[in-house]
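Colleague: Chains as they are written, first to last, in this note's numbering: chain R, 553 to 1084; chain Z, 37 to 254; chain W, 328 to 455.
Would you mind keeping the following structure in view while I ask a few things?
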Amino acid sequence: MSTSNINYLQEKKGLLSWLFTVDHKRIGLMYLGGVTLAFLLGGIFALLIRLELFSPGSQFVQPDRYNSLFTLHGVIMVFLFIIPAIPGALGNFILPIQLGASDVAFPKLNLTSFYLWFIGLCIALATLIMGNLDGGWTFYAPYTISGNKAVVWAVFAAFILGFSSILTGLNFVVTVHKLRAPGQSWFKLPLFIWALYATALVQVIATPVVGITLVLLIMENILKIGIFDPALGGDPVLFQHFFWFYSHPAVYIMILPAFGVISEIIPTFSRRNIFGYKIIAFSSVAIAVIGFLVWGHHMFVSGQSTVASTAFAFLTFLVGVPTAIKVFNWLATLYKGSIELKTPMLYALIFLFLFTIGGLTGITLGILSVDVHLHDTYFVVAHFHYVMMGGTVMGFLAGVHYWWPKMTGRMYSETWGKIGAFTVFAGFNLTFMPQFIMGTLGMPRRYNDYVPEYEIFHKLSSIGAGILGIGLFIALFYLIASLFNGKKAEQNPWGSKTLEWEEAASPPVTHNFTTQPVITHGPYEYGVEVKA
Amino acid sequence: MSTNLALHKVGHHFRSAEEEFESAKLGTWLFLATEILLFGGLFCAYLVFRSMYPQAFAEASAHLNWKMGALNTLVLITSSFTMAWAVRLSQLGDKKKLILTLAITLICAGIFMVVKYFEYTHKIHEGTLWAGAFTAQGFSDPRVPTFFGLYFLMTGLHGLHVVIGMGLILWLIIKTGKNHFSPEYFTPVEMVGLYWHLVDLIWIFLFPLLYLISGVKL
Amino acid sequence: MSSGHHIISFRTLVLTFSSLLFLTVLTVVAALFDFSHLNLWLPWKINLGGLNIVVALLIASSKAALVVLFFMGLRWDKPLNIVIFLSNLLILFIFFTITLADVWFRDVADPIDAQIIPFESPTQKVAP
């Protein structure tokens, strides 16, 4: 353990000390900056989409350029932002501290993961000037095997980003197994760790499959290898199987860490022990496992056999069960708690509301007969934005606000925090609720034009997008402002009982602790008696 | 053998050398899991297409030289043996024999790549390539190129892993020469060993699935 | 650090190596025989060569087991590493099974009324 009392931000200075750092906290901060940049970029494409869709007809972009808008929005948001965000930024920073360790198991590998992410970013940015990247972030064959250079490079960027994800997952699994502090048994771990662990398992197991898929897609484009191209004897539905075998578990990579953040915030701001700790822990693993069995629900209308589709529909209902259990447990934790509506808690409550809607509409789409009508409509778009943005992004914002004092040693303005949260909530619902409705009325996704019947919904959605954007910019501004004139944080401003708050300074010293912590109590043992 | 303990410092975040070793092993097994899934995708494609076009696969496979495939299998199995032996020698601190066994492993890998080279050049010459480049004469089933597409993908990816393995083994030989390993620290040897066995494992399945579909005639 | 760490005996290595050599010879010998007429209980459409592929995979799996257990040391290793390896195979098995459940049952329950579009295969040009 370190005997120095200088925090990790001060200990070494200069650009090189950051570029060559192996300190998980600095790497976490670099990820935070990076994914925020990616989110901004993806968000700009989103705003351009909503701007174009404000009125029917082509206003600003030609139809095929519109295709590249939604493709880039998807590729950037999925691969550069949402998959790395919570594990890379918050997980990297907090996981070792919550375990009582002084770093992850393989610090140099950690830095490698970050550099791979960065290379993926550069290649993705390069595709912006390479020509028309279209086909959607799902890159279905045979549309994407015509040798389009931008497609090949974008797919290669995703391949690199996949490696970044695999290595982070590998690092976390080993860290959780091997580097726990004395007394840190599995069932005394914070639920954030359980969530990150389940996520890491999925990262390690699912991502290689998309790796080989992307390699095959590149080979198909460059060499005409004939695996996916029906004109050469290949099977395009096989591409979808390969792609979704990863991409469905990928959505659990996206949401599980957010679940973990919520599990940290709700007990802290209710001053209550979490209801059903073990069930929540096991449900994270259950979601990870069952998540591998449901990929075909993205392929109900692809030509997949009815036998397989039926099996997938049933399995999809199954995956809703552990998820619902979590939601009930969080609600039960809130009940009779001593609720404090600070900004992290506001985002957690927003998460509960929005994610539940997203999750329920996912079950709706899992009904085979219903999906035949709703597939490729705005209903699907609204569903996944409710879970990905209403879920993961709200969880990400909640976590950033919760651990901000720990990471930076500063407090942000609570008033502006609340204003931002309310604006985001209002804007989000205005953007995506109309999309559910127009989806059921038949508005297809990935279309740049539409009949006048849908115009009112698009207009509401676009206005909502603007408000949502304002809310997010408000959050960005007050958070950055806090770095310059925010109040200095105490070690444990929220009164939390997890290790990173109780034993590590805000911000922590380079090796996290000044003496080796020993765990003697569970993570959520707040004063209020729990009759569970 | 002189042990150079000063050359290896246990990472500050580990509480003991044991913890560091066990972490490296766990990490390596996780990495091997990712490799198995990477190749698994190709095996899945193989199962799908072979079950769709069994005649094409039988016809195409008969065209491969099973004797070269069998030779490569024997070569890789031997290299796996010498690699496992090398790990044992590193644990015992026998530097001279360690370099010898690592060198034999490397040579076996080289033989494998040479055989592959001959196989590939023969196919390029004949035109029995993947669908987009197939120019060979004398085949009747229209789906034969699909087999060769999978053949090149699977053996190509495998071959790439063999070459990477050769690089890793060479690195081990150099480090052994510099006395980096001892009975107290042999982690890289064991981890590269695990990787090398995986390369062998994949070939153990590739051989019958690619070369022996339509049986052999002696 | 060698406390608790198992060093595989030379005898074990040689025995494993010999078994692997033997099984490789067996692989080739098994390929001399054609078992495909014994198509087992598998549905008629599956076309993977009946017992041929079963025999081939059984032998290959035995070889793989020997490598994993004795060369890679899982026989004496910590349970966690064994769990990782086995769960990995399980996931792979799930991937194969469900994908094939699509491919093999494509016009069961819901017959496909489609025309096969003729395509220019490189080999069709040179059909005998």
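All C-beta atoms in this analysis are idealised placements derived from N, C-alpha and C, irrespective of residue type, glycine included.
1) Which runs of the beta strand (DSSP E) spanning at least 3 residues fall entirely within the segment 800-885 of chain R, listed in chain order?
2) Name, in chain order, the residues that DSSP records as bridge partners for Asn559/R.
3) Listing by chain order, which chain Z residues have their CB less than 8 Å from the CB of Ala653/R?
4) Val252/Z versus chain W: which residues are under 8 Å apart at the beta carbon?
5) Between the segment 76-89 of chain Z and chain R, which residues of the former have CB atoms less than 9 Å from a CB of the latter, in chain order?
6) Please classify Arg124/Z: is it buried, with 16 or more other beta-carbons within 10 angstroms of its beta-carbon, or exposed?
7) Where does Lys45/Z fall in DSSP's three states?
8) Measure the alpha-carbon distance for Phe423/W versus Ala69/Z and round it to whole angstroms.
9) For Phe903/R, collect the residues of the same chain with a Cβ closer than 6 Å to its Cβ; drop the 5 residues on either side in sequence, then sort them by chain order.
10) Out of Gly192/Z, Val199/Z, Leu100/Z, which one is the CA nearest neighbour of Cys144/Z?
11) Which chain R residues are close to Glu58/Z, counting only those with a beta carbon under 7 Å from its beta carbon?
12) Could you give the uninterrupted runs of the alpha helix (DSSP H) lying entirely in the segment 965-1039 of chain R, keeping only those of 4 residues or more?
13) With a threshold of 7 Å on Cβ separation, who are the neighbours of Leu599/R within its own chain once the five nearest residues in sequence on each side are excluded?
14) Count the other C-beta atoms from every protein chain shown that fall within 10 angstroms of the C-beta of Leu237/Z, then say buried if there are 16 or more, exposed otherwise.
15) Kindly list, in the order they appear in chain R, the residues whose Cβ is closer than 8 Å to that of Ala428/W.
16) Could you tell me which of Phe797/R, Leu663/R, Ile601/R sits nearest to Gly580/R, measuring between CA atoms?
17) For Glu55/Z, which residues in chain R fall below 8 Å Cβ to Cβ?
18) Quick one: what's Met963/R bridged to in DSSP?
19) Please report how far the alpha carbon of Asn881/R lies from the alpha carbon of Phe827/R, in whole angstroms.
20) Taking Gly714/R and Ala702/R to be in contact with their CB atoms under 8 Å, please state how far apart those CB atoms are, rounded to whole angstroms.
21) I need the boundaries of the alpha helix (DSSP H) containing Trp121/Z, first residue and last residue.
22) Quick check on DSSP: helix, strand or coil for Lys565/R?
23) Report back the beta-carbon spacing between Arg602/R and Ser1013/R to the nearest angstrom; my notes put them in contact at under 8 Å.
24) Are Thr182/Z and Gly721/R close, meaning C-beta to C-beta below 8 Å?
25) Which residues, in chain order, does the segment 739-760 of chain R contribute to contact with chain B at a C-beta distance below 8 Å?
26) What does Asn415/W reach in chain R if we use C-beta pairs closer than 8 Å?
27) Taking Thr354/W as the reference, which of Ala169/Z, Lys103/Z, Lys214/Z has the closest Cα?
28) Given this structure, state the Cα-to-Cα distance separating Thr696/R from Arg997/R, to the nearest angstrom.
29) Out of Leu419/W, Gly400/W, Val430/W, which one is the CA nearest neighbour of Val859/R?
30) Which partner residues of Tyr221/Z appear in the DSSP bridge assignment?
31) CA-CA distance, Trp746/R and Ile418/W?
32) Rounded to whole angstroms, what is the Cα-Cα separation between Val627/R and Gly688/R?
33) Counting only the same chain and skipping the five closest in sequence on each side, list residues whose C-beta sits under 8 Å from that of Ser330/W.
34) Excluding the 5 residues preceding and the 5 following Pro788/R in the sequence, name in chain order all residues of the same chain whose CB lies nearer than 8 Å to its CB.
35) Figure out for me which residue from Met897/R, Leu993/R, Leu561/R has the closest Cα to the Cα of Ser1048/R.
36) Which residue or residues does DSSP assign as beta-bridge partners of Thr929/R?
Modeller: Based on what the coordinates show:
1) None, since the segment 800-885 of chain R contains no complete beta strand (DSSP E) of that length.
2) Here residue 559/R corresponds to residue number 7 of the first sequence, with the count starting at 1. DSSP output for Asn559/R lists Val1061/R as bridge partner(s).
3) Here residue 653/R refers to the residue found at position 101 of the first sequence. By Cβ distance, chain Z contributes His49.
4) Here residue 252/Z corresponds to residue number 216 of the second sequence, with the count starting at 1. Here the neighbours are Val355, Ala358, Leu359.
5) The residues in question are Gly76, Gly77, Leu78, Cys80, Ala81, Val84, Phe85, Met88, Tyr89.
6) In the second sequence, the residue the question calls residue 124/Z occupies position 88. Classification for Arg124/Z: buried.
7) One-based indexing of the second sequence puts residue 45/Z at position 9. Of the three classes helix, strand and coil, the one that applies to Lys45/Z here is coil, per DSSP.
8) Looking up residue 423/W in the third sequence gives position 96. Looking up residue 69/Z in the second sequence gives position 33. If you take the alpha carbons of Phe423/W and Ala69/Z, they lie about 16 Å apart.
9) Indexing the first sequence from 1 puts residue 903/R at position 351. Cβ neighbours of Phe903/R beyond the five flanking positions: Ile814, Met946, Gly947.
10) Mapped onto the second sequence, residue 144/Z falls at position 108. Ranking Gly192/Z, Val199/Z, Leu100/Z by Cα distance to Cys144/Z puts Val199/Z first.
11) Mapped onto the second sequence, residue 58/Z falls at position 22. Simply Lys730.
12) Along the segment 965-1039 of chain R, the alpha helix (DSSP H) occurs as fully enclosed runs of 4 or more residues at 966-992, 1007-1037, listed in sequence order.
13) Mapped onto the first sequence, residue 599/R falls at position 47. Here the set comprises Ala1017, Gly1021.
14) The residue labelled residue 237/Z in the question sits at position 201 within the second sequence. Leu237/Z should be labelled buried.
15) Walking along the third sequence from the start, residue 428/W turns up at place 101. At a C-beta separation below 8 Å, Ala428/W has these neighbours in chain R: Ser857, Val859, Ala860, Ala863.
16) Translated into positions along the first sequence, residue 580/R becomes position 28. For the residues Phe797/R, Leu663/R, Ile601/R, the minimum Cα distance to Gly580/R belongs to Leu663/R.
17) Working through the second sequence from its first residue, we reach residue 55/Z at position 19. For a Cβ distance threshold of 8 Å, residue set Lys730, Leu731 of chain R lies close to Glu55/Z, ordered along the chain.
18) Counting from 1 along the first sequence, the entry for residue 963/R is found at position 411. Looking at the DSSP output, Met963/R sits in a beta bridge with Lys1039/R.
19) Counting from one through the first sequence, the residue named residue 881/R turns up at place 329. Counting from one through the first sequence, the residue named residue 827/R turns up at place 275. When rounded, the distance between both Cα atoms is 5 Å.
20) Counting from one through the first sequence, the residue named residue 714/R turns up at place 162. Counting from one through the first sequence, the residue named residue 702/R turns up at place 150. Their Cβ separation, rounded to whole angstroms, is 19 Å, which puts Gly714/R and Ala702/R out of contact at 8 Å.
21) As a working note, residue 121/Z is residue 85 in the second sequence. First-last of the alpha helix (DSSP H) with Trp121/Z: 102-128.
22) Within the first sequence, the letter at position 13 stands for residue 565/R. Lys565/R falls in the coil class under three-state DSSP.
23) Here residue 602/R is taken as the residue at index 50 of the first sequence, counted from 1. Here residue 1013/R is taken as the residue at index 461 of the first sequence, counted from 1. At roughly 7 Å, the Cβ-Cβ gap stays under 8 Å, so Arg602/R and Ser1013/R are in contact.
24) Translated into the one-based positions of the second sequence, residue 182/Z becomes position 146. Translated into the one-based positions of the first sequence, residue 721/R becomes position 169. It is not a contact, given that the beta carbons lie outside the stated cut-off.
25) The structure shown contains no chain B; its protein chains are R, Z and W.
26) Within the third sequence, residue 415/W is the residue found at index 88, counting from 1. Near Asn415/W (Cβ distances below 8 Å), the residues of chain R are Ile757.
27) Translated into positions along the third sequence, residue 354/W becomes position 27. Cα-wise, what sits closest to Thr354/W is Lys103/Z.
28) Here residue 696/R is taken as the residue at index 144 of the first sequence, counted from 1. Here residue 997/R is taken as the residue at index 445 of the first sequence, counted from 1. Distance between the alpha carbons of Thr696/R and Arg997/R: 18 Å.
29) If you number the first sequence from 1, residue 859/R lands on position 307. Nearest C-alpha to Val859/R: Val430/W.
30) Locating residue 221/Z in the second sequence gives position 185, counting from the first residue. Paired residue(s): Ser218/Z.
31) In the first sequence, residue 746/R corresponds to position 194, counting from 1. In the third sequence, residue 418/W corresponds to position 91, counting from 1. The straight-line gap separating the alpha-carbon atoms of Trp746/R and Ile418/W is approximately 21 Å.
32) Along the first sequence, read from residue 1 onward, the residue named residue 627/R stands at position 75. Along the first sequence, read from residue 1 onward, the residue named residue 688/R stands at position 136. Roughly 8 Å separates the two Cα atoms.
33) On the third sequence, position 3 is the one that residue 330/W refers to. Residue placement at Ser330/W is poorly supported in this model, since its pLDDT is 44, which falls under 50; the coordinates still yield a value, given next. So no residue of the chain qualifies.
34) Against the first sequence, residue 788/R aligns to sequence position 236. Taking C-beta separations shorter than 8 Å and ignoring five residues to either side along the sequence, the partners of Pro788/R in its chain run Tyr692, Ala693, Pro694, Phe780, Asp781, Pro782, following chain order.
35) The sequence position of residue 1048/R within the first sequence is 496, counting from 1. With respect to the C-alpha of Ser1048/R, the residue from Met897/R, Leu993/R, Leu561/R having the closest C-alpha is Met897/R.
36) The residue given as residue 929/R occupies position 377 in the first sequence. Checking the DSSP bridge columns, you'll see Thr929/R partnered with Pro996/R.
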